[in-house]
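K.L.:
Below you'll find the structure I mean.
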Amino acid sequence: AQKVTQAQTEISVVEKEDVTLDCVYETRDTTYYLFWYKQPPSGELVFLIRRNSFDEQNEISGRYSWNFQKSTSSFNFTITASQVVDSAVYFCALSEARHFNKFYFGSGTKLNVKP
Amino acid sequence: SAVISQKPSRDICQRGTSLTIQCQVDSQVTMMFWYRQQPGQSLTLIATANQGSEATYESGFVIDKFPISRPNLTFSTLTVSNMSPEDSSIYLCSVETASTYEQYFGPGTRLTVT
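Residue numbers (the working numbering), protein chains in the order written: chain X, 502 to 616; chain S, 137 to 250.
Set out below in structure tokens:
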């Protein structure tokens, strides 16, 4: 079974719209970490955030915000007032305490922001 | 954070040949990893590059196909051996720094096998 599911394959929005990227994970560990990475067309992976399983506080960083809900095993990512430069593939990833360095990546969501 | 460089950035290779990809980090890191991203797919961990010992491979990946070296704390190589078109992928080096649990990724090597 997939440990990380990103059901949205591709999303298109118009600039300045808000957009939420969904991430659902599955693990039996009580200690784990969740991540979001951005992969622009250049191909490089850019680290966005890490959240551990004991910290359910939502986080905001500029136009980015993350909603972590253990009750629904979700770690969603919202971009407010999207911009063309936000166009990229976004990956959600999970690592578990028992094998911390192994990342399970979701299939990614391609975000297209149109001017 | 760590600055990671990879060489080559891209290459087109013929079937049956081998390519060695280099990963260089600007600081000493505890862990180094190699990932593969097949076209339109997500990332899959190939192996953990261990300094001074054999790499630890994930299920589905073997040393004969993907030999890895890590001679020191800032450098690693991945060789893709006896290539076939199915090996066409982006290969990414990743590192984990000693101070955080964050993994940083290199720019990737885009490999096309014809």
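Ideal placement from N, C-alpha and C gives every residue a C-beta, glycine not left out.
Comparing the C-beta of M219(S) with each C-beta of chain X, is any distance below 8 Å?
P.N.:
With 8 Å as the cut-off, M219(S) does not count as an interface residue toward chain X.
K.L.:
Have a look at T581(X) and D556(X) and give me their C-alpha separation to the nearest angstrom.
P.N.:
One C-alpha to the other measures close to 23 Å.
K.L.:
According to DSSP, simplified to helix, strand and coil, what is E597(X)?
P.N.:
DSSP places E597(X) in strand when its eight states are reduced to three.
K.L.:
E518(X) lies in the beta strand (DSSP E); which residues open and close that run?
P.N.:
Note, E518(X): premise wrong, no beta strand (DSSP E); not H, not E.
K.L.:
Closer than 9 Å between beta carbons: that is the criterion. Which residues of the segment 226–249 of chain S meet it against chain X?
P.N.:
Per Cβ criterion, the list reads I226, L228, S230, E232, T236, Y237, E238, Q239, Y240, F241, G242, P243, G244, R246.
K.L.:
Determine the chain S residues that contact E545(X) at a beta-carbon separation under 8 Å, and present them in chain order.
P.N.:
Residues of chain S passing the Cβ test: F241, G242, P243, G244.
K.L.:
Can you check which of these residues, F569(X), S562(X), V590(X), is closest to P542(X) by C-alpha distance?
P.N.:
It is V590(X) whose Cα lies nearest to the Cα of P542(X).
K.L.:
Please classify S583(X) as buried or exposed, where buried requires at least 16 neighbouring CB atoms within 10 angstroms.
P.N.:
S583(X) should be labelled buried.
K.L.:
Which bits of chain X does S178(S) rub up against, with CB to CB less than 7 Å?
P.N.:
Here the neighbours are F592, F606, G607, S608, G609.
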